[in-house]
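Chemist:
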Amino acid sequence: GSSGGGGGGSTRDFSFVDGDIERIEARIKHMNIVGITTAVVLRLEAAKQTTLAEFERIFTLAEQTFKSTLASVPDSAHTWHEWAKLLQLKAQRFGNSLEYYEEAIEKYRAALAHGADEPYQVRDYADVLVEHAQALLRDARQVRVNALQSLERAYRVEKLGHRERDKLRQKVTSAMKHVVDDMEALARRQLDEAVMLVPAVLVQQLVDMAMSLCDEATQKDLEAASEQQQRQEAREAAMAAAATSPPPSPHNNTTSLSPRSS
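Heads up: the sequence shown is residues 16 to 277, going by my numbering.
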């Protein structure tokens, strides 16, 4: 090849020789298909476990595999989505733990941010929002119950007059209301977001179904047209063969008579 030289736009020939090579190295691009497949299999195995210890062991292996896979391919929406499903499974297994639901939602959102837009992926995200909202509402009710039980215990232990009881009740009720209101507000936001997602998923599913039906109808039309074309070609071939065949010979249609010997 040639490269630009000094002034005047002159060029000079350049030959690449072995001495120009400093070193040769192999750069292998990581394929995350093995890691994600292994992690998904571990997640499915964890779901089958009946003992908490074995579930935890397999869960840890699966989570380590997800982390190592994302370390190599951090923009894999599928990996983020499957990791979210693993955390959602743990939230379900641990009595609707809010902590694991929050982690699952975080991973689902990461998957969406990296392009996870398949209907099943959006539906899974909507499902975890609903489950999280339900867990929040259950916990909010439990906060109320715990607060009332704490008040009753305080009344029994401490000999409080009516005024002290009222003050304590107001204090506990105020703290309880603050916590409960925050939980219920978050639950409402989660449900609202899920409701907004579900119609989008249904619309996409209907579009996919319509496209599938259109493709099926188009395929049937093409097959029918092909069959009709084949029949037409067969008729034309038969007519062409009849037109080019020679007419029958007259000798073929007469009976020869031999003279009778005398």
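Even for Gly, the Cβ is constructed at its ideal location relative to N, Cα and C. Everything numeric in this text was worked out from a predicted model, so none of it was measured.
Is M211 buried or exposed, if buried means 16 or more other CB atoms sit within 10 Å of its CB?
Modeler: With fewer than 16 other Cβ atoms within 10 Å, it is exposed.
Chemist: Taking the straight line between their C-alpha atoms, what separation do you get for A150 and L104?
Modeler: Taking the straight line joining both Cα atoms gives about 14 Å.
Chemist: Could you tell me the alpha carbon to alpha carbon distance between E118 and A239, rounded to whole angstroms?
Modeler: Distance between the alpha carbons of E118 and A239 is about 54 Å.
Chemist: Does DSSP put N47 in a helix, in a strand, or in coil?
Modeler: In the structure shown, N47 sits in coil (DSSP, three-state: anything other than H, G, I, E or B).
Chemist: Between which residues of its own chain and E146 is the CB-CB distance below 8 Å, once the five residues before and five after are set aside?
Modeler: Contacts found: Q103, A106, Q107, N111 and Y116.
Chemist: Would you kindly report the start and end of the unbroken alpha helix (DSSP H) that includes Q318?
Modeler: Because the chain in this structure spans residues 16 to 277, residue 318 falls outside the shown range and cannot be described.
Chemist: Would you kindly check if the distance between the Cβ of L85 and the Cβ of I73 is under 8 Å?
Modeler: Against a cut-off of 8 Å, the Cβ pair of L85 and I73 comes out as no contact.
Chemist: Please name the residue, chosen from S189, V88 and Q205, that lies closest to L144 on a Cα-to-Cα basis.
Modeler: For the residues S189, V88 and Q205, the minimum Cα distance to L144 belongs to Q205.
Chemist: Should H15 go down as buried or exposed, given a rule of 16 or more other Cβ atoms within 10 Å for buried?
Modeler: Past the edges of the chain, shown from 16 to 277, lies residue 15, and the structure says nothing about it.
Chemist: By a C-beta neighbour count over all protein chains shown, 10 Å radius and 16 as the cutoff for buried, is S271 buried or exposed?
Modeler: The predicted model places S271 with a pLDDT of 47, which falls under 50 and marks its position as unreliable; any figure quoted below should be read in that light. S271 comes out exposed.
Chemist: Any idea if G130 is buried or exposed, counting beta-carbon neighbours within 10 angstroms, 16 or more meaning buried?
Modeler: Answer is exposed; the Cβ neighbour count stays below 16.
Chemist: Could you tell me the alpha carbon to alpha carbon distance between A162 and K192, rounded to whole angstroms?
Modeler: A162 and K192: Cα-Cα distance of roughly 10 Å.
Chemist: Output yes or no for whether 8 Å exceeds the beta carbon distance between T80 and T53.
Modeler: Cβ atoms of T80 and T53: closer than 8 Å.
Chemist: Please say whether E199 and L152 have beta carbons closer to each other than 8 Å?
Modeler: Yes, the pair counts as a contact, with Cβ atoms nearer than the cut-off.
Chemist: Nearest by alpha-carbon distance to F109: which of S165, E97 and L67 is it?
Modeler: With distances taken between Cα atoms, F109 lies closest to L67.
Chemist: With respect to the alpha helix (DSSP H) encompassing T84, which residues constitute its N-terminal and C-terminal limits?
Modeler: Run containing T84: L67 to S87, per the alpha helix (DSSP H) assignment.
Chemist: Using a 10 Å radius around the Cβ and a threshold of 16 neighbouring Cβ atoms, would you call Y140 buried or exposed?
Modeler: Y140 comes out buried.
Chemist: Measuring only the C-alpha atoms, how far is V49 from V55?
Modeler: About 10 Å.
Chemist: Does A131 come out as helix, strand or coil in the three-state DSSP assignment?
Modeler: Three-state DSSP puts A131 in coil, outside helix and strand.
Chemist: Are D154 and L127 closer than 8 Å when you measure CB to CB?
Modeler: The answer is no: Cβ separation not under 8 Å.
Chemist: Taking the alpha-carbon positions, what's the A256 to Q247 distance?
Modeler: So the two alpha carbons sit approximately 14 Å from each other.
Chemist: Please confirm whether V194 and V160 have their CB atoms less than 8 Å apart.
Modeler: Cβ atoms of V194 and V160: not closer than 8 Å.
Chemist: Between K100 and the rest of its own chain, which residues show a CB-CB distance below 7 Å, the 5 nearest in sequence each way excluded?
Modeler: Within the same chain, K100 has close Cβ partners R58 and D139.
Chemist: Which of the three DSSP states, helix, strand or coil, is assigned to T269?
Modeler: Note that T269 scores a pLDDT of 48, beneath 50, so its modelled location is shaky; the value from the coordinates is reported in the next line. Three-state result, T269: coil.
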